[in-house]
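**Student:** Okay, handing you the structure first.
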Amino acid sequence: MDVLWLEITDEPQLWRSLGFTVSDDGVCVVGDVEHRLIGPLPDRRGIVRWGVSGVDDTITDIDGIETVVESASPERPPAATHPNGADCIDHLVVLSSSTPRTATAFEGVGLERRGHITQNHAGDAVDMTFFWAGDTLIELAGPPEPSPDEELARLRGIAYTSGDIDASKEFLGDQLTTPKDAVQKGRKIAAIRREVGSTVPIAFMSPHVRSEDV
Numbered sequence: 067m068d069v070l071w072l073e074i075t076d077e078p079q080l081w082r083s084l085g086f087t088v089s090d091d092g093v094c095v096v097g098d099v100e101h102r103l104i105g106p107l108p109d110r111r112g113i114v115r116w117g118v119s120g121v122d123d124t125i126t127d128i129d130g131i132e133t134v135v136e137s138a139s140p141e142r143p144p145a146a147t148h149p150n151g152a153d154c155i156d157h158l159v160v161l162s163s164s165t166p167r168t169a170t171a172f173e174g175v176g177l178e179r180r181g182h183i184t185q186n187h188a189g190d191a192v193d194m195t196f197f198w199a200g201d202t203l204i205e206l207a208g209p210p211e212p213s214p215d216e217e218l219a220r221l222r223g224i225a226y227t228s229g230d231i232d233a234s235k236e237f238l239g240d241q242l243t244t245p246k247d248a249v250q251k252g253r254k255i256a257a258i259r260r261e262v263g264s265t266v267p268i269a270f271m272s273p274h275v276r277s278e279d280v
């Protein structure tokens, strides 16, 4: 399965103010994934659905995530240059009240588990499972024990790789938190502050490092 696009309830101008290059029709391309900035909806917010390819075209949702299947992979959009330094999606965050249930749903569309951790960067107990969807890493996160409310999964946040996270911080100023050590050894992470007003949690990460470099 390849992730082709994300539909997000933010105004295009907000993303422009964060240093993303956005077309006149509200499309921002990071790496080869389109971000369709559609503005506010009356009853939904954040990443409201995604477009994918490489799965059964009768699928309309994956454990509650509204899904549009493109019957054939269209030509991928050209990469854009973003003043904030975002090069590509580092990972896409999916939240679920029951990660085992959502993981089973992901496996049902052909994704394979690539890793699993039980503690986040703050030392809290979590359940996090990782999947590759084409070139997009999906981080499935939830409570250490499935919640009885059985809330369905949802697309929650996006982390981008920046070739120079210090330059990203300099460009974004107070809109971005100070970079700190990430879970991955040798990497840094910083987040767009909530008061900026995006409906999607956005983070920037320094590039992956080779094990011999850390």
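Numbering follows this note's numbering, in which position 93 of the sequence shown is assigned residue number 159; successive positions increment by one, without gaps.
The beta-carbon is built from N, C-alpha and C at its ideal position, and this holds for glycine as well.
Is it right to say Ser213 is buried, meaning 16 or more other beta carbons lie within 10 angstroms of its own, or is it exposed?
**Tutor:** exposed
**Student:** Would you identify the three-state DSSP class for Leu107, choosing helix, strand or coil?
**Tutor:** coil
**Student:** Could you compute how far the alpha carbon of Val280 sits from the alpha carbon of Pro267?
**Tutor:** With a pLDDT of only 37 at Val280, under 50, the local geometry of the prediction cannot be trusted, and no value is derived from it.
**Student:** For Tyr226, which of Arg220, Leu203, Ala219 and Pro210 has the nearest alpha-carbon?
**Tutor:** Sorting Arg220, Leu203, Ala219 and Pro210 by C-alpha distance to the C-alpha of Tyr226 places Leu203 at the top.
**Student:** Just to confirm, is the Cβ distance from Leu221 to Leu158 under 8 angstroms?
**Tutor:** Taking 8 angstroms as the Cβ cut-off, Leu221 and Leu158 qualify as a contacting pair.
**Student:** What number of angstroms, rounded off, separates the C-alpha of Phe86 from the C-alpha of Leu177?
**Tutor:** 30 angstroms
**Student:** Helix, strand or coil, according to DSSP, for Asp215 in the structure here?
**Tutor:** For Asp215, the secondary structure class from DSSP, reduced to helix, strand or coil, is coil.
**Student:** Taking contact to mean 3 or more Cβ pairs, one atom from each stretch, closer than 8 angstroms, check whether the segment 134–151 and the segment 81–95 are in contact.
**Tutor:** yes
**Student:** Please identify the residue among Val99, Arg115 and Asp123 whose C-alpha is closest to the C-alpha of Glu132.
**Tutor:** Arg115
**Student:** Given that a residue counts as buried once 16 or more other Cβ atoms are within 10 Å of its Cβ, and exposed if not, what is Ala199?
**Tutor:** buried
**Student:** Should Val266 be counted as a contact of the ligand ZN given a C-beta to heavy atom distance under 7 angstroms?
**Tutor:** Ligands in the displayed structure: none, and consequently the ligand ZN is not present.
**Student:** Restricting to Cα atoms, I'd like to know which of Val95, Gly130, Ile74 and Glu216 is closest to Leu103.
**Tutor:** Ile74
**Student:** Determine whether the beta carbon atoms of Ala256 and Ile231 lie at a separation below 8 angstroms.
**Tutor:** yes
**Student:** Mind pulling the beta strand (DSSP E) runs of 3 or more residues that sit fully within the segment 118–186?
**Tutor:** List check, beta strand (DSSP E) in window: 131–135, 152–161 and 179–185.
**Student:** Under the rule that 16 or more other beta-carbon atoms within 10 Å means buried, what is Val95, buried or exposed?
**Tutor:** buried
**Student:** Within 10 angstroms of its Cβ, does Leu238 collect 16 or more other Cβ (buried), or is it exposed?
**Tutor:** buried
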